[in-house]
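Enquirer:
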Amino acid sequence: MSEQLYLHAARALARAVLIAAGASRAAAEATAEALVAADADGIASHGLSRLPAYADQIRSGKVKGQAEPTLEWTSVSTLRVDAREGLAFPAIAAGLDAAAGRIAESGIVAVSVFASHHAGVMGHHVEQMAERGLASLAFSNSPQAIAPWGGQAGVFGTNPIAFATPRKDAAPLVIDASLSKVARGKIMVAAQRGNPIPDDWALDAQGNPTTDPKAALAGTMLPIGDAKGAALVLMVEILAAALTGGQFGFEAASFFTAEGPSPAIGHLFLVMDPVRLGGPDYLVRLERLLGAILGQDGTRLPGERRLKARAVSEAEGITIPADLLEDLQRRSAA
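Its first residue numbered 1447, the sequence shown is counted upward by one per residue in my numbering.
#1: Just checking, does the segment 1565-1578 make contact with the segment 1530-1545 on the three C-beta pairs under 8 Å criterion?
#2: Which two residues bound the contiguous alpha helix (DSSP H) that contains V1758?
#3: What residues match up with P1655 in a beta bridge as DSSP calls it?
#4: If you reduce the DSSP assignment to three classes, tell me which class R1530 lands in.
#5: Pick out the complete beta strand (DSSP E) segments inside the segment 1654-1737, 3 residues or longer, and give them in chain order.
#6: What residues in its chain sit with their C-beta under 6 Å from that of G1631, if we drop five residues either side in the sequence?
#7: Tell me which residue opens and which closes the beta strand (DSSP E) that E1449 is part of.
#8: Below 8 Å between beta carbons: does that hold for M1718 and S1495?
#9: Among I1633, A1593 and A1637, which residue has its Cα nearest to the Cα of A1677?
#10: Are the beta-carbon atoms of L1533 and A1576 separated by less than 8 Å?
#11: Taking the alpha carbon of R1611 as the reference point, which residue from K1660, L1619 and I1465 has its own alpha carbon closest?
#12: Tell me the DSSP bridge mates of R1613?
#13: Under the rule that 16 or more other beta-carbon atoms within 10 Å means buried, what is K1508, buried or exposed?
#14: Cβ of M1681 within 8 Å of Cβ of L1663?
#15: Would you be able to state if there are at least three C-beta pairs under 8 Å between the segment 1547-1561 and the segment 1705-1716?
#16: Buried or exposed: which applies to V1527, given that a residue is buried once 16 or more other Cβ atoms fall within 10 Å of its Cβ?
#17: Note down the Cα distance separating L1723 from G1553, rounded to an integer number of angstroms.
#18: By Cβ distance below 6 Å, which residues in the same chain neighbour W1647 in space, the five residues on each side in sequence not counted?
#19: How do the segment 1695-1710 and the segment 1649-1656 stand: do at least 3 beta-carbon pairs fall below 8 Å, yes or no?
#20: Starting from T1477, follow the beta strand (DSSP E) in both directions and report where the run begins and ends.
#21: Tell me whether the beta-carbon of V1567 lies closer than 8 Å to the beta-carbon of D1502.
#22: Any idea which residues DSSP pairs L1517 with across the strands?
#23: How about A1584 and H1563: do their beta carbons lie closer than 8 Å?
#24: Looking at the secondary structure, which residues open and close the alpha helix (DSSP H) in which S1778 lies?
#25: CB A1486 to CB E1760, shorter than 8 Å?
#26: Return the bridge partner residues of L1625 from the DSSP annotation.
#27: Near W1595, which residues of its chain fall below 6 Å by C-beta distance, leaving aside the five closest residues on each side in sequence?
#28: With burial defined as no fewer than 16 other Cβ atoms inside 10 Å of the residue's Cβ, what is the status of L1771: buried or exposed?
#29: Along the chain, where does the alpha helix (DSSP H) containing V1555 start, and where does it finish?
#30: Might you give, ordered along the chain, the residues of its own chain that have their beta carbon closer than 6 Å to the beta carbon of E1733, omitting 5 neighbours on each side?
#31: Using a 10 Å radius around the Cβ and a threshold of 16 neighbouring Cβ atoms, would you call M1667 buried or exposed?
#32: Going by other Cβ atoms of all chains shown within 10 Å of its Cβ, with 16 needed for buried, is V1758 buried or exposed?
#33: Thinking C-beta only, is L1451 closer than 8 Å to I1764?
#34: Looking only at C-alpha atoms, which of S1586, R1461 and Q1638 sits nearest to F1702?
#35: For the candidate residues A1616, S1586, A1608 and F1609, whose alpha-carbon lies nearest to that of F1602?
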């Protein structure tokens, strides 16, 4: 069974759950907006399904619900953001907003975020920059889920990457990908709903392919591109954790349980003025490239399905499991 919620109602419910758990209003606002946006785009693995875990971690103190991020400019174009073991969304928003304000002076700003938590849909952060006329790259690490190529024990997270650029007379182009074959959140949703998974998504604890999502969560994820993908995972781990001061995946506590210390992971954002780097005809040249792609039958640009899902959600709302809605309503009234 499932229930339909209009977006404003879903955001209000998410805010209430987070505030009841002990989050500040500012953190609750930013996080509710991000989770509902994920559901609206059809990315249920990063939407309201995450909310019970967030709330439980705030209640236990694993996530500091009242944390206020602090910002430190270490040069004209490098910014460090300490999330202070709080929710990721207010820390990232503060860092990117500050970067956008500095970009006219420097042309490019690197933003490192550390002592952070689950960053949700990475593409949404860079999309917001593209809506302000800026191109950007995003990297994040996460608790261990992928073994080194040839190994069996998890060392790296699924380590998502994202890129967005403004376009001429069109919505931003957004590219967002986890470096595992699928996002770990999809396996979490399958486990919650009792659904099997394809046998090429993950391995169990013994290193065998599995269709059981619970066995997969106890084992390791498979990277995209086999050995080459594992090398990309390592690259992101260095950029998002070693370079920022965040904890490595094998050091970080789970995003899904209330026990243990803060995951305290890291994120890295590179925000760029495309006109400063590519010249005044950047947007025109970009459309030439995209036109060459779309000129071939059967092609589409990344994100088209997401935008279609978003339009439907804005008109009709989002669908969530009835048992999840019941749990969230109970939590919001606590």
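Backbone N, C-alpha and C fix where the C-beta goes; we use that ideal spot for every residue, glycine too. Predicted, not measured: the structure shown is a model, and the values here were computed from it.
Expert: Quick look at the numbers:
#1: yes
#2: V1758: member of the alpha helix (DSSP H) spanning E1750 to E1762, first to last residue.
#3: L1649
#4: coil
#5: 1711-1718
#6: S1491 and H1492
#7: S1448 to L1451
#8: no
#9: A1593
#10: no
#11: The sequence given here places Thr at residue 1611; Arg does not occur at that position. The shortest Cα separation from T1611 among K1660, L1619 and I1465 belongs to L1619.
#12: Looking at the DSSP assignment, R1613 forms a beta bridge with A1616.
#13: buried
#14: no
#15: yes
#16: buried
#17: 8 Å
#18: K1627 and V1628
#19: The segment 1695-1710, when compared against the segment 1649-1656, does not touch it at the 8 Å Cβ threshold.
#20: Going by DSSP, T1477 is part of no beta strand (DSSP E) but of the alpha helix (DSSP H) stretching over R1471 to A1486.
#21: Contact: no.
#22: V1527
#23: No.
#24: A1768 to S1778
#25: yes
#26: DSSP, once it has assigned bridges, lists no residue as partnering L1625.
#27: A1673 and A1676
#28: buried
#29: It is not in any alpha helix (DSSP H) - V1555 instead sits in the beta strand (DSSP E) that spans I1554 to S1562.
#30: K1614
#31: buried
#32: exposed
#33: yes
#34: Q1638
#35: S1586
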